[in-house]
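Report on one structure; see the data block that follows.
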Amino acid sequence: MKSCGVSLATAAAAAAAAAFGDEEKKMAAGKASGESEETSPSLTAEEREALGGLDSRLFGFVRFHEDGVRTKALLGKAVRCYESLILKAEGKVESDFFCQLGHFNLLLEDYSKALSAYQRYYSLQSDYWKNAAFLYGLGLVYFHYNAFQWAIKAFQEVLYVDPSFCRAKEIHLRLGLMFKVNTDYESSLKHFQLALIDCNPCTLSSAEIQFHIAHLYETQRKYHSAKEAYEQLLQTENLSSQVKATVLQQLGWMHHTVDLLGDKATKESYAIQYLQKSLEADPNSGQSWYFLGRCYSSIGKVQDAFISYRQSIDKSEASADTWCSIGVLYQQQNQPMDALQAYICAVQLDHGHAAAWMDLGTLYESCNQPQDAIKCYLNATRSKSCSNTSALAARIKYLQAQLCNLPQGSLQNKTKLLPSIEEAWSLPIPAELTSRQGAMNTAQQACKPHHPNTEPVLGLSQTPISQQPLPLHMIPSSQVDDLSSPAKRKRTSSPTKSTSDNWSGGHGMSHPPIQQQAHSWCLTPQKLQHLEQLRANRNNLNPAQKLMLEQLESQFVLMQQHQMRQTGIAQVRPPGIPNGPTADSSLPTNSVCGQQPQLALTRMPSVSQPGVRCPGQPLANGPFSTGHVPCSTSRTLGSTDTILIGNNHVTGSGSNGNVPYLQRNALTLPHNRTNLTSSAEEPWKNQLSNSTQDFFQCLNKCTADLFPFLFLRNLGKNGLSNSSILLDKCPPPRPPSSPYPPLPKDKLNPPTPSIYLENKRDAFFPPLHQFCTNPNNPVTVIRGLAGALKLDLGLFSTKTLVEANNEHVVEVRTQLLQPADENWDPTGTKKIWHCESNRSHTTIAKYAQYQASSFQESLREENEKRSHHKDHSDSESTSSDNSGRRRKGPFKTIKFGTNIDLSDDKKWKLQLHELTKLPAFVRVVSAGNLLSHVGHTILGMNTVQLYMKVPGSRTPGHQENNNFCSVNINIGPGDCEWFVVPEGYWGVLNDFCEKNNLNFLMGSWWPNLEDLYEANVPVYRFIQRPGDLVWINAGTVHWVQAIGWCNNIAWNVGPLTACQYKLAVERYEWNKLQSVKSIVPMVHLSWNMARNIKVSDPKLFEMIKYCLLRTLKQCQTLREALIAAGKEIIWHGRAKEEPAHYCSICEVEVFDLLFVTNESNSRKTYIVHCQDCARKTSGNLENFVVLEQYKMEDLMQVYDQFTLAPPLPSASS
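Just so we're on the same page, the numbering used here is the position in the sequence shown counted from 1, plus 18.
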């Protein structure tokens, strides 16, 4: 059952075509009445009808060769006709004209014109967000320009407004790739898996998607999982030769570079075998030949390495990496002139190839030509990919000092072993290189836009899928690569060592010893011993000794680098398209057109290059203009590292002329720009159109229109759901913009609302409840609570916990002990937002032992520090402890015991009973707590969780699940420090997370207070002492760190207020848009509230009532559609305390009608799917049974009986 049936987009296309005919008639009438204008093209009725079925959903599927030539000609004609008509009408035409024009230009791959047309459509169409085909086309354009954050937003909105969109598989594929680039690996894997289960047509095969998943594991350094996935893929029947070749290539390179896969000899043997098999499958893969050369080089087979490099150059375009590797081999063979020529080839191919410049400098130094060496080192430091500029700067300084000490004229009189760098630059390039470059230039001139054939393919190809190379997919790991040009990757020396050394744990594959020339900076054993002595006494050196230490250390660094080059330390390279560049191979940026046709993901020139331009902003006042959204990821995609799929290749020139349908005052578009902008001052920022109120404002005006839960549509039809009231009035949810006007700087550190309790009566005083739940108070600290209520906090002490349940499971987060309120990278060189926090598990007894030993260790360190003060001055001890610690690292690791479940009332009876002494509004269970009406346990929300801490333990920044309130009591004995930001600023923090490639909802982040201050974000900061209760109000953003050794207990509370319900629903919808599971099942909760609670607040009542109405309508519509399709609905019912159900695929809540696979139904395991995922898996639902949990009559009765209750008199809590 196809999902590309009649839709709003198709209807709009038909309407636009009809309107076009009407407009043509008007123009013709004008001409007949005496106007003398040039004849303009016109469309026949048959052509208009054919165009009505063409929109963005055909991108990647429409054929423009053979019989598809007519389609391309028709699109070109349509564009000319539409543009002519728009010009004559002076732009005063229906908005659908521009949408269709955008689709036509997209299909013709004229991306700049497509973006211009989409912009006009957006500005004219107030409910643009209802048009899924428009959002999809816009996302494809942004994706083409590598504006990943904007593309992600567009694609997410498509899936939000139409979960059954017929190109959902294409969207999930692209989202998987973009999240991988952004290092959000969890989201990436989820979207790849969603693409894999979808049985709809796609431009990639299942095997290719599985390949992406395998590579994702490798990118995460989960090498055993990656190896297993690759090997499993090789077992696939009818695997194409190119997929097979690339999988084998990847396995070979992994064995060469990853120490975890065995001992060196075994690994190298397997690596060579895999690469040889890869070349059997694809003999023309220059990349595999290059990798094979690296393997041979590492085991000392120099001649075989040369042959492989020679083959690499012959089979693919010239590579700076390959020539650099050849230079290293020549240098090892003591052939300096040949080495020089190879290095010159490398840097001429890529002027920013830092490794080649460094190797060239080393070569000149070894030949005692320091002036040329300095020039080479300077060129290396200017490269963006140079990762050791400080060491090079020290080396340059040392060489310059040496030159100053030489007698005047001594260098001029000395015979040079090598020509100078200027002379070498003008030497003839080897014939094989020049011929290869000539062939490449010819290919570039002949390069034209390609279009895929009938086979579902992605890429620059007209070649049948069985003959095409696999896509270039590879994105390096976040901690390793900076996604810059492969030729410009960060490398510390030669191609035998680069930034991906971390992939292999820093251990290299060593060459056998080869006779080398002695370098002037090689350290003798005596100098090494002297270096160690100086290092050991660093703080007591005189100026002369410090200078000597600096010189020795710089020499030592360079000596290490040279040794690593000689031992051939290898880097893990993501595999590339055969004959094409990889994420760290150095191929020229214009290789896209010079190589064989590529399948799937191809690389394109950098967006900063001529002919490839990126929008400096989204649509004018555009759909994604809230906050700062970088045009590309903060890890800038370089010249050959851009990941593209579909027909997203570059034509070489593009359409950079004046687009006739641009508004005269429209914002700058991509064809008028030459590079990306990531400035926080985009002109479009906060310029939301009046017609596009965000979801949150819309809720205030129309509380009835809360959330489109299922977007149901009749089976077999496509288009937006007509069962959601929200879709008629409110666009998809977006983060709020920063509150206006901004607060003055002196208001950014507000005092924290605090209440001091003296007795039990104070704790139960009704205004306390009102004060805490007041939306104007994002946080409240209730001090002295434990003393006022005589709570026995000792029941939660570590000693009591061990005595009660010493084997109870504790989740452990291993973190870095950071200084004060700051968060530094592991090296201590820069402040970052990402918070290191790795998960493991232990028991209460073992963590208690760690907590105690940590305390003892601290006492010992304190005693040592005191004795140190007696022997040294304060200045010395301070400089050696604090400042050095804050800047240099590495930081000490600590363990934080978190999420300890105390829900079992048998194990924790005493502890849970003690908490019943609390006032009703903060209790774990109470009638006025929304979470008490869920009807089942949600661990950590309507149950108690315990946290066991040592100093520095950090809870990263977050909002509570579904924006519920939270209660936190410090057991002691130490203090905790809290940082709190009001709910209205969460959009600003979301923007900061995006800028730092972090997931606001699921990531681990610790805000930089300086960033927040600059953005005018107020931060409440306070100390929580033992016995203090912290109330976090609905939606408040907060992060916490332990100052001392302490335990905390916490849980969530849902006050029965309109504000709490509204914020919970908003987050429910935002989670859905972000493909994140909502821990609180808001539909299920709303029906339980209607059954259990009398609501007297009119706003809260209205929101709940319309939620019931909408879901009731959706259930009825779905039932009718299933019955009409002949699908049986089986009564199943619900068990007492049965949890709410979520889709096992996309994790949205599933209410009433559960789609369960036949197999799981027969086994009574009940693996639930939502309707959309069930249909993607099985188009006609033949593999599913539909289980019904509620009778429609019962739901209707609940709905009818839920009425507004009279206001209750004020009562004590």
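We put the beta carbon where it would ideally sit given N, CA and C, even for glycine. Note that the coordinates shown come from a computational prediction; the quantities given were computed from them, not determined experimentally.
(message) Taking 8 Å as the threshold (C-beta atoms), are L920 and L928 in contact?
(response) no
(message) If contact is defined by three or more beta carbon pairs under 8 Å, each pair taking one atom from either stretch, is the stretch 1142–1162 in contact with the stretch 151–161?
(response) no
(request) Using a threshold of 8 Å, state whether the C-beta atoms of W147 and P750 are closer than that. (result) Yes. Within cutoff.
(message) Distance check for N1065 and S144, CA to CA, integer angstroms please.
(response) Between the C-alpha atoms of S144 and N1065 there is a straight-line separation of about 53 Å.
(request) Give a yes or no on whether the C-beta atoms belonging to V6 and M1100 are separated by under 8 Å. (result) In the structure displayed, the chain extends from 19 to 1231; residue 6 sits before or after that span and is not available.
(request) Report the rounded CA-to-CA distance for S334 versus A135, giving the unit in angstroms. (result) 39 Å
(request) May I have the straight-line CA-CA distance separating T1135 from R1128, to the nearest angstrom? (result) 11 Å
(message) Would Y248 and L279 be called neighbours here (beta carbons separated by less than 8 Å)?
(response) no
(request) State whether the stretch 1190–1203 contacts the stretch 174–187, with contact taken as three or more CB pairs (one from each stretch) at a distance under 8 Å. (result) yes
(request) Give me whichever residues DSSP pairs with Q1059 in a beta bridge. (result) R972, E995
(request) Per DSSP, which residues does C790 bridge with? Please list them. (result) Note: C790 sits in no beta bridge, so no partner.
(message) Relative to the C-alpha of P753, which candidate in N947, E1001, A806 has its C-alpha closest?
(response) E1001
(message) Which residue wins for smallest C-alpha separation from S408, given the options G1053, L207, E568?
(response) Of G1053, L207, E568, the residue nearest in Cα terms is E568.
(request) Could you check which residue in K393, A68, T798 has the C-alpha nearest to that of K90? (result) A68
(message) Would the stretch 339–354 count as touching the stretch 307–321 if we require 3 or more Cβ pairs under 8 Å?
(response) yes
(message) Just verifying my parser: in three-state terms, what is the DSSP assignment at P494?
(response) Bear in mind that a pLDDT of 33 at P494, under 50, signals an unreliable position, so the model cannot answer this.
(message) Assuming V1094 is part of the beta strand (DSSP E), what are its boundary residues?
(response) Unbroken run through V1094: none, as it is neither H nor E.
(message) Would Q359 and L421 qualify as a contact pair, given that the criterion is a beta-carbon distance under 8 Å?
(response) no
(request) Apply the 10 Å Cβ neighbour rule to Y361 and answer buried if 16 or more other Cβ atoms are within range, or exposed otherwise. (result) Result: buried.
(message) Check this for me: beta carbons of A1052 and N986, under 8 Å apart or not?
(response) N986 is positioned such that its CB atom lies no closer than 8 Å to that of A1052.
(message) Tell me which residue opens and which closes the alpha helix (DSSP H) that D1009 is part of.
(response) D1009 -> alpha helix (DSSP H) spans 1004–1013.
(message) So, with DSSP's three-state summary, where would you put A372?
(response) helix
(message) Assess contact between the stretch 1012–1031 and the stretch 951–968, defined as three or more Cβ pairs (one per stretch) separated by less than 8 Å. Is contact present?
(response) no
(request) Could you name the residues that DSSP lists as bridge partners for W1149? (result) E1206
(message) To the nearest angstrom, how far is the alpha carbon of L133 from that of F82?
(response) 21 Å
(message) Quick check on Y1184: does DSSP put it in helix, strand or coil?
(response) coil
(request) Sort D281, V265, V830 by Cα distance to Q305 and report the nearest one. (result) Here the closest residue by C-alpha is V265.
(message) Which residue wins for smallest C-alpha separation from H369, given the options Q836, K402, P354, S1196?
(response) K402
(request) Would you mind sorting I918 into buried or exposed? The rule is 16 or more other CB atoms within 10 Å of its CB. (result) I918 comes out buried.
(message) Once DSSP output is grouped into helix, strand and coil, what is the label at N666?
(response) Because N666 carries a pLDDT of 37, less than 50, the predicted location of this residue cannot be relied on, and no value is offered for it.
(message) Is the separation between the beta-carbon of Q1059 and that of D993 shorter than 8 Å?
(response) No, the pair does not count as a contact, with Cβ atoms beyond the cut-off.
(message) Only counting the same chain, and skipping five residues up and downstream in sequence, which positions put a Cβ closer than 6 Å to that of V940?
(response) V985
(message) Going residue by residue through the stretch 130–197, where are the continuous alpha helix (DSSP H) segments of at least 4 residues, counting only ones entirely within it?
(response) 150–162, 166–179
(request) Taking only the alpha-carbon atoms, compute the straight-line gap between L717 and T1054 and give it to the nearest angstrom. (result) For L717, the pLDDT reaches just 35, beneath the cut-off of 50, and the residue's location in the model is therefore unreliable, although a value from the coordinates is still provided. Roughly 19 Å between the two C-alpha positions.
(request) Out of D390, L410, D73, state which residue places its alpha-carbon closest to the alpha-carbon of L435. (result) Cα-wise, what sits closest to L435 is D390.
(request) May I ask whether a heavy atom of the ligand ATP can be found less than 7 Å away from the beta carbon of F914? (result) Absent from the structure shown: the ligand ATP. Ligands present: none.
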